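Participant:
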Amino acid sequence: MTWEDRAVNLDDIQVDNTNQYQQVLTGVKFFADQSPTRFNNESIHLNLKIRMTDFNFETGKLFVDHGAHAWYRKIDKEFLGHKSRSHIPMRTKSKNTSISKTNHFVEFTPTGIFEDSQNKVPAHSVGDGCEWNSNIQMEISFPHARSKISTENLDISTRAKSRNTMVSNGDQYVAFTHTDIAKDVGQTTIPFLDSQNVVTKVPTPLVGAGLYYKSSPGYGGFIGLKIITYDFTKHL
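Numbering (the UniProt record's numbering), first residue to last: 1 to 236.
What follows is the structure in structure tokens.
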């Protein structure tokens, strides 16, 4: 990250498992992508991406064959030209098939990653034997622009005397900056990253993950990771 490109989007990314593929979370990663605010010369934002893998709930085991996973992310609607574009999770099984779909953003799995949101390419060719999930699992476009959470003129995060509470509520982002000049001579980068373990009390499948921002008034706060567990109540 640089001073110019230091913003983090605060999103929850979740797969609802309403289609034929039951999937669970098997990985997360960060990626840098242009945001609508880039066109106002602000910054490129850091985003979260999740890896979902097909799961057999009868055996409790993952499907490990080639093409049993897909990567998911969210894209700001304004960046895609104010058109209704959705994410198409790719399930690559071999190398050569032609895929054509208009007005959609297309992304490939790590077996052949090719992302082109800037040029808004509606279709790509990836070779025979490739299968794509036409039952789109998640609408990723936001109905409006993100709002920025202010982190200006704040003190060091760990100096807070009161409990940090959730500040972000979706469609928002936060930018790293320095602490207040008067309180800390501007020598500390805030917000901090929450390093606490994020785990469930008992082992359970996960269907999503997210980033959030919490703070105490007057202090820099923390960016934290959250996990979303599978809802078993629909099977009771």
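Cβ coordinates follow ideal geometry from the N, Cα and C atoms, glycine included.
Here the structure is a predicted model, which means the values were calculated and not measured.
Please classify Q23: is it buried, with 16 or more other beta-carbons within 10 angstroms of its beta-carbon, or exposed?
Facilitator: If you number the sequence shown from 1, residue 23 lands on position 23. By the neighbour-count rule (16 or more Cβ atoms within 10 Å), Q23 is buried.
Participant: Would you grab the beta carbon distance between A160 and S195 for me? Rounded to a whole angstrom, and I think it's under 8 Å.
Facilitator: Locating residue 160 in the sequence shown gives position 160, counting from the first residue. Locating residue 195 in the sequence shown gives position 195, counting from the first residue. About 16 Å; that fails the 8 Å criterion.
Participant: Can you list, in chain order, the stretches of the alpha helix (DSSP H) that have 4 or more residues and sit fully within the stretch 171-198?
Facilitator: 181-184
Participant: Cα separation between E4 and I228?
Facilitator: The residue given as residue 4 occupies position 4 in the sequence shown. The residue given as residue 228 occupies position 228 in the sequence shown. Looking at the two C-alpha atoms, the distance is approximately 32 Å.
Participant: Among the residues of its own chain, which have a CB less than 6 Å from the CB of V28, if the five just before and after it don't count?
Facilitator: The residue you call residue 28 lines up with position 28 of the sequence shown. Answer for V28: I50 and A209, listed in chain order.
Participant: If you draw a straight line from the C-alpha of N56 to the C-alpha of A68, how long is it?
Facilitator: Along the sequence shown, one-based indexing puts residue 56 at 56. Along the sequence shown, one-based indexing puts residue 68 at 68. Cα to Cα, the separation comes out at about 11 Å.
Participant: Over what stretch of residues does the beta strand (DSSP E) that includes K214 continue unbroken?
Facilitator: The residue labelled residue 214 in the question sits at position 214 within the sequence shown. Unbroken beta strand (DSSP E) run through K214: L206 to S215.
Participant: Name the two residues that bound the continuous beta strand (DSSP E) containing D54.
Facilitator: As a working note, residue 54 is residue 54 in the sequence shown. Here the beta strand (DSSP E) through D54 covers I44 to N56.
Participant: Pick helix, strand or coil for K234, following the three-state DSSP scheme.
Facilitator: Taking the first residue of the sequence shown as position 1, residue 234 is located at position 234. Of the three classes helix, strand and coil, the one that applies to K234 here is helix, per DSSP.
Participant: Looking at the secondary structure, which residues open and close the beta strand (DSSP E) in which D12 lies?
Facilitator: Within the sequence shown, residue 12 is the residue found at index 12, counting from 1. Unbroken beta strand (DSSP E) run through D12: D12 to Q14.
Participant: Count the other CB atoms, across all protein chains shown, that sit within 10 Å of the CB of A175; report buried if there are 16 or more and exposed otherwise.
Facilitator: Counting from one through the sequence shown, the residue named residue 175 turns up at place 175. With 16 or more Cβ atoms within 10 Å of its Cβ, A175 is classed as buried.
Participant: Name the DSSP bridge partner or partners of Q23?
Facilitator: One-based indexing of the sequence shown puts residue 23 at position 23. Partner(s): D54.
Participant: Output the distance between the C-alpha atoms of N17 and L48, rounded to the nearest integer angstrom.
Facilitator: The residue labelled residue 17 in the question sits at position 17 within the sequence shown. The residue labelled residue 48 in the question sits at position 48 within the sequence shown. Their Cα atoms are separated by approximately 20 Å.
Participant: Apply the 10 Å Cβ neighbour rule to T102 and answer buried if 16 or more other Cβ atoms are within range, or exposed otherwise.
Facilitator: Residue 102 sits at position 102 when you count from the first residue of the sequence shown. The predicted position of T102 is uncertain, since its pLDDT is 33 and thus under 50; a value taken from the coordinates is nonetheless stated next. Classified as exposed, T102 has fewer than 16 neighbouring CB atoms from the shown chains inside 10 Å of its CB.
Participant: Determine which residues share a DSSP beta bridge with G224 and list them.
Facilitator: Numbered from 1 along the sequence shown, position 224 holds the residue referred to as residue 224. Its beta-bridge partners are Y212.
Participant: Closer than 9 Å, CB to CB, is Q187 near chain B or not?
Facilitator: Absent from the structure: chain B. Only one protein chain is present.
Participant: Grab the span of the beta strand (DSSP E) containing W3 for me, first residue to last.
Facilitator: Here residue 3 refers to the residue found at position 3 of the sequence shown. No beta strand (DSSP E) holds W3; DSSP gives it neither H nor E.
Participant: From the DSSP secondary-structure annotation, give me the bridge partner or partners of K61.
Facilitator: Along the sequence shown, one-based indexing puts residue 61 at 61. DSSP output for K61 lists N56 as bridge partner(s).
Participant: From G221, F232 and L206, pick the residue whose C-alpha is nearest to that of V15; which is it?
Facilitator: Locating residue 15 in the sequence shown gives position 15, where the first residue counts as 1. The candidate whose alpha carbon is nearest that of V15 is L206.
Participant: Below 9 Å between beta carbons: does that hold for L10 and S150?
Facilitator: To locate residue 10, count along the sequence shown from 1; it is residue 10. To locate residue 150, count along the sequence shown from 1; it is residue 150. Not a contact, by the Cβ cut-off of 9 Å.
Participant: Under a three-way DSSP split, which group does S157 fall into?
Facilitator: Counting from one through the sequence shown, the residue named residue 157 turns up at place 157. S157 falls in the helix class under three-state DSSP.
Participant: Hey, would you say A32 sits closer than 9 Å to K148, going by beta carbons?
Facilitator: Looking up residue 32 in the sequence shown gives position 32. Looking up residue 148 in the sequence shown gives position 148. Not a contact, by the Cβ cut-off of 9 Å.
Participant: Between N164 and the rest of its own chain, which residues show a CB-CB distance below 7 Å, the 5 nearest in sequence each way excluded?
Facilitator: Residue numbering aside, residue 164 sits at position 164 when the sequence shown is read from its first letter. The answer, listed in chain order, is K214, S215, S216, G221 and F222.
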